[in-house]
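Per our numbering, residue 199 is the first one in the first sequence, and the count goes up by one each step. Glycine is no exception: its CB is placed at the ideal position from the N, C-alpha and C atoms. Everything numeric in this text was worked out from a predicted model, so none of it was measured.
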Amino acid sequence: MFSNSYLGTLTHHPIRKNHMKLKSQLNQSIKEAFLKAGIEDIPMSVSEATKPDFGDYQFNGAMALSKKLGKNPREIATQIINHLDFTGIIEKAEIAGPGFINLWLNPLWLATQCQIALEDERLGVSIREEPIKVVVDYSGPNMAKQMHVGHLRSTIIGDTLANLLTFLGDEVIRQNHIGDWGTQFGMLIAYLEMKNEDASVDLSDLEQFYKDAKTYFDADASFANKAREYVVKIQSGDAHCLALWQKFIDISLGHCEEVYEKLGVNLTRNDVRAESFYNDALPQIVSALNSKGMLQESDGAQCVFLEENEIPVIVQKGDGGYLYATTDLAALKYRSETLGVKRISYVVDARQAEHFNQVFQVAKKANFVTEDVHLEHIGFGMMMDKSGRPFKTRDGGVVKLIDLLDEAVMKAKETINNIDEYSQEEIENLAKTIGIGAVKYADLSMNRESNYIFNWDNMLSFDGNTSLYLQYAYARIQSIFRKYNASIEGEIVITDALEHRLAVMLLRFEDVLQRTANMATPHQLTTYLYELATLFMRFYEQNPILKEDVDAQIRVSRLQLANLTAKTIKQGLSILGIQVVDKL
RNA sequence: GCACUCAUAGCUCAGCUGGAUAGAGCAUCGGUUUGCGGUACCGAAGGUCUCAGGUUCGAAUCCUGAUGGGUGUACCA
């Protein structure tokens, strides 16, 4: 289909702004054709062709218009094609079936765009023209316990979303809403003081510490009383107790940071906005709701009843205490009023959908957030074991996240080929890159809304949609460059159908990122990267690069395509928080 | 009881605003000229998209109902 005739013409098209975003450019071309044909209302957008025979993109809007215009859809399609501009991005258009318009992109145009992407640090992905300020609220571990697998998804999905929005140019504020407040802390602080009044107590196993404290609490009445006193003291601002509490939080947070470090997640202490941060604002939340006439007392508690929902949002307990809904409202108010953000994304498991739905409604109704702030709950399903049951240890306990990650690194070592060629340090780094990448990728490549089955064998495989496959593809390309051993300079020339498809795929990157960001669905990015890598493998299998009989110009062009592929994989994985290596 | 959510190949999953013969990977079977990294690539087989209605030129996708699983259901977070 794509003959070598392209080789003769090396004249590239002039550089355009917004060179990527294939879809919007094609939509623009379609729109112009419509206007020339005298049709104003364009019903839909182009989409990727469902198979190579149908070209690169297709436009299906003619069918939808046929009733409205009282015309045969093929007639409408013909009209559009007659006014289509074939001097730029589009090379050819055909009508098929009931009125599909299949579009083939101009290979010269594709080559130029790839060239531009290659010379750009951002790979041609434009920075948002109107960036917004956004809070991504994720991870949110409880300070009374060690991080467990239940925190994994929030932490890495949230981190990916934050990375992605940052890359696209938004001003992202990461917020780690840690659980550092509540009645159990009285017990923990009392126990901490009992164990060691002055300094470093070993909290390496928070789970155990919690259990021990609980044992005392249940068995020793005087200790239990003391624990209750501590709750009151902390809440009333007692300096000594607060100091102990602070110490406990510091140590506990330190454990979390170990996990973040191991996981390669971009969360620091600066991102922490703990529950306790909002303590002072809680009474104001209740009084504000009251003054707006939204409060209602029910069984002694202060509640907001929302129309469609019989279950109220309780903002103050009968005993005067506040609840997490109150804290969330205070956080929303702070983020809207003080931080001035326009989008707030909560990456929290799906079970809390109802809670966020209610809290968002209350926040809007009470004007804690302005009308134009987009509030969203990025929910996700649970992690299941191979047999489809919730992920637990053999004795039914929670799996500590740090243990899971250590196991991943250990298992990753077994996948390293020719392990003798590496130093101990190299092996550790490699295993970490592979193992952590596998855990993250397996999670991110699933549609986040459904539960997902955690399976070591699948995620650490070289076959299929895994991080290892992508890392391998990347390393293999680097190996080509090592062998070539010279700087890659020269123009891209599209000479056959596979090169053509690869170029289109590469240029789709920005569209994919945009969509992934808008819908907060990382799996769309992983699917894209996997498709890109498999397509490259096919291309590479069929189109030799370094073999002796390859024409020098074609060799350079293919090296350039390989280079852009590698860069795109690297950038995509980097957004997912996954590293690449030059050698596997 | 009520609400939310899910149901696609033996298994794990894609399928974007409704569009052409529903796609990958694993597993199974078969293949690849002295192979730029074969941890690769190509092919075969595998489906009444849980079921029944409805809307539409057109439905895995939207609506209604049924069945089956998961989750939530006021003073924990």
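Per DSSP, the bridge partner or partners of residue i
i    : result
D335 : Q373, Y544
S301 : Note on identity: in this sequence residue 301 is Leu, with Ser being the wrong assignment. Its beta-bridge partners are Y255, A291.
M581 : Y650
Q514 : Q500, Y520
K598 : H346
I576 : V545
Q494 : C501
S245 : Q256
P588 : M582
V470 : N374
N180 : The question about residue 180 has no answer, for the chain in this structure spans 199 to 782.
Residues of its chain near residue i, where Cβ-Cβ distance is below 7 angstroms and the 5 sequence neighbours each way are ignored
i    : result
Q740 : L696
F737 : L696, E697, L700
P783 : Beyond the ends of the chain as shown, which are 199 and 782, falls residue 783; an answer cannot be given.
Y682 : L744, L757
L762 : C312, A315, L316, L704
G538 : K331
L321 : A315, F707, K765, T766, Q769
A388 : F421, K424, A425, Y428
Residue i, enclosing alpha helix (DSSP H) - first and last residue
i    : result
Q550 : That residue, Q550, is in no alpha helix (DSSP H); it is neither H nor E in DSSP.
I279 : 271-280
K621 : Reading off the sequence shown, one finds Ser at residue 621, where the question assumed Lys. Unbroken run through S621: none, as it is neither H nor E.
R426 : 419-433
F232 : 220-234
W443 : 437-461
F284 : No alpha helix (DSSP H) holds F284; DSSP gives it neither H nor E.
F383 : 382-393
Y476 : Neither: Y476 is in no alpha helix (DSSP H) and is coded neither H nor E.
M735 : 720-740
K781 : Element bounds for K781: n/a, residue is neither H nor E.
G770 : 750-773
N488 : 480-489
I787 : It is not possible to answer for residue 787, since the shown part of the chain is limited to 199 through 782.
A564 : Taken as a continuous stretch (DSSP letters only), A564 belongs to no alpha helix (DSSP H), as it is neither H nor E.
Y667 : 665-682
Residue i vs residue j beta-carbon contact at 8 angstroms
i    : j    : result
C501 : I483 : no
A528 : A564 : no
A673 : K584 : no
I743 : V691 : no
I240 : G259 : yes
M611 : I634 : In the sequence on display, residue 611 carries Lys and not Met. Not a contact, by the Cβ cut-off of 8 angstroms.
T353 : V463 : yes
H721 : N645 : yes
I279 : L263 : no
V597 : H346 : yes
D378 : I447 : yes
N270 : S243 : no
F589 : F660 : no
L359 : L711 : no
V333 : R533 : yes
L628 : V779 : yes
M261 : G236 : no
N- and C-terminal bounds of the beta strand (DSSP E) containing residue i
i    : result
L705 : Unbroken run through L705 is the alpha helix (DSSP H), 695-705; no beta strand (DSSP E).
Nonlocal neighbours in the same chain, by C-beta distance under 6 angstroms from residue i, ignoring five residues either side
i    : result
A764 : Y672, I675
T209 : Bear in mind that a pLDDT of 34 at T209, under 50, signals an unreliable position, so the number given afterwards is only what the model happens to contain. Around T209: no qualifying Cβ.
K229 : I240
Q494 : C501, F503
T207 : Note on T207: pLDDT 30, under 50, position unreliable in the model; the coordinate value appears next. Cβ neighbours of T207 beyond the five flanking positions: none.
Q223 : I287
K460 : L603
I649 : First, the residue type needs correcting, since residue 649 is Asn and not Ile in the sequence shown. Same-chain partners within the cutoff: G579, M580, M582.
Beta-carbon contacts of residue i that lie in its chain and below 8 angstroms, excluding the five residues immediately before and after
i    : result
N663 : S643, T724, T725, Y728
V551 : At residue 551 the sequence reads Ala, which differs from the Val that was named. For A551, where only same-chain residues beyond five positions count, the Cβ hits under 8 angstroms are H575, G577.
T248 : Q256
A397 : At A397, the pLDDT of 48 sits below 50, so the modelled position is not reliable; the number obtained from the coordinates is stated separately. Contacts found: none.
Could you tell me whether the stretch 766-777 touches the stretch 636-655, using the rule of 3 or more Cβ pairs below 8 angstroms? yes
Using 8 angstroms as the Cβ pair cut-off and three pairs as the minimum, do the stretch 333-346 and the stretch 376-391 touch? yes
Are the stretch 301-317 and the stretch 279-291 touching, with three or more C-beta to C-beta distances below 8 angstroms? Under the 8 angstroms Cβ criterion, the stretch 301-317 counts as touching the stretch 279-291, having at least three qualifying pairs.
The stretch 569-579 contacting the stretch 537-555, beta-carbon criterion three pairs below 8 angstroms: yes
Contact between the stretch 465-474 and the stretch 366-374 (3+ Cβ pairs under 8 angstroms): yes
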